[in-house]
Structure formats: structure tokens, C-alpha cells
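>
Numbering (my numbering), first residue to last: 154 to 304.
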């Protein structure tokens, strides 16, 4: 039993003080949201949606959410401002996701178009290289019974 360390009262006070400092330093005062803050966030969200739409993303639902926030904004109470701010934060996150999906769709479409053009070009080369053999072979099979006379 004597081999186990004994935590003294002094160590307990030091640890408790350090934990209290950590907890108190992590608490940030919450600033009151104003209508101007939400309007600035709304403008940022509209820019993000425009950017996502330009990239080919689907933004119809996001635009509807922003329009709802914009309609409720004038003269909104503080608790509604907090709700609007959280909606705008979610819209910003979804807008970046929609932008990435739009870019991916555009890339996929370009790959498919490029592959189709490569296949068409390869078929064109094959027809150019052996098309006359195919044509005259088919003509000869179609006119098998014909005799050619010299005149």
C-alpha cells in the first residue's frame, strides 16, 4: 500500500483551479445579433448561391429558404434573428456542397462528351481505312449473278 502515490490536498486544489480556469476561459460572451448582422449574412448567402448556380448546382431549395428569411427579416424579434442566422449558416454550408456537386456533374458531362467524340472519331478512321472494301464487297455479294462482258 505504501507504493501507491497519495494525492494531497494541495495537488487537488491546483488541479481544481486549473480546471476552473480552463472552463472560464472557454466561455465567450454572446453578442446580441442585430438585423444588420443578419442582412450581411443574407448577402453572403445570396452570393454563395449565385456562385453555386453558376457552377451548375441545384439551388432552388436554398433560394426558397433565403427568400423566407428575407421576408421575415424587417422588424424581426431577437429570437427570430438567431433562428434566421442558423438557417443562413445551413444555407451557406449547403451552397458550397451544391457548388461542388455542380462542378462534378459538369466534369462528368465533359468526360462523357469527350468519350463519345473519341468513339465517333475512331469509327470515322475505321470507315475511312476499310470502307471501300466493305462497300465493294457488299456490292459484289448483291450482284453475284452478273456477268461482265468485254465490249
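Yeah, the Cβ is synthetic: ideal placement off N, Cα and C, and Gly gets one too.
Within 10 angstroms of the Cβ of residue 168, are there 16 or more other Cβ atoms? Answer buried if so, exposed if not.
Reading the chain shown from its first residue, position 15 is the one you call residue 168. Exposed is the call here.
> Helix, strand or coil: which one does DSSP assign to residue 251?
In the chain shown, residue 251 corresponds to position 98, counting from 1. Of the three classes helix, strand and coil, the one that applies to residue 251 here is helix, per DSSP.
> Would residue 202 pass as a contact of residue 212 if the rule is Cβ separation under 9 Å?
Walking along the chain shown from the start, residue 202 turns up at place 49. Walking along the chain shown from the start, residue 212 turns up at place 59. The answer is yes: Cβ separation under 9 Å.
> Just how far apart, CA to CA, sit residue 273 and residue 280?
Along the chain shown, one-based indexing puts residue 273 at 120. Along the chain shown, one-based indexing puts residue 280 at 127. Their Cα atoms are separated by approximately 10 Å.
> I need the straight-line Cα distance from residue 294 to residue 287, nearest angstrom please.
The sequence position of residue 294 within the chain shown is 141, counting from 1. The sequence position of residue 287 within the chain shown is 134, counting from 1. Using only the alpha carbons, I get a separation of about 11 Å.
> Hey, out of 275, 208 and 230, whose CA is closest to residue 255's CA?
Position 102 of the chain shown, counting from 1, holds the residue named residue 255. Among 275, 208 and 230, the Cα nearest to that of residue 255 belongs to 208.
> May I have the straight-line CA-CA distance separating residue 303 from residue 276, to the nearest angstrom?
As a first step, residue 303 is located in the chain shown; it is residue number 150 there, counting from the start. As a first step, residue 276 is located in the chain shown; it is residue number 123 there, counting from the start. Distance between the alpha carbons of residue 303 and residue 276: 38 Å.
> Express the C-alpha separation of residue 220 and residue 183 in angstroms, rounding to a whole number.
Within the chain shown, numbered from 1, the residue matching residue 183 stands at position 30. Within the chain shown, numbered from 1, the residue matching residue 220 stands at position 67. Note that residue 183 scores a pLDDT of 49, beneath 50, so its modelled location is shaky; the value from the coordinates is reported in the next line. Distance between the alpha carbons of residue 183 and residue 220 is about 27 Å.
> Could you tell me the alpha carbon to alpha carbon distance between residue 268 and residue 282, rounded to whole angstroms?
Locating residue 268 in the chain shown gives position 115, counting from the first residue. Locating residue 282 in the chain shown gives position 129, counting from the first residue. Computed Cα separation, rounded: 21 Å.
> Whole angstroms is fine: what's the gap from residue 228's alpha carbon to residue 238's?
By one-based count along the chain shown, residue 228 stands at place 75. By one-based count along the chain shown, residue 238 stands at place 85. Using only the alpha carbons, I get a separation of about 15 Å.
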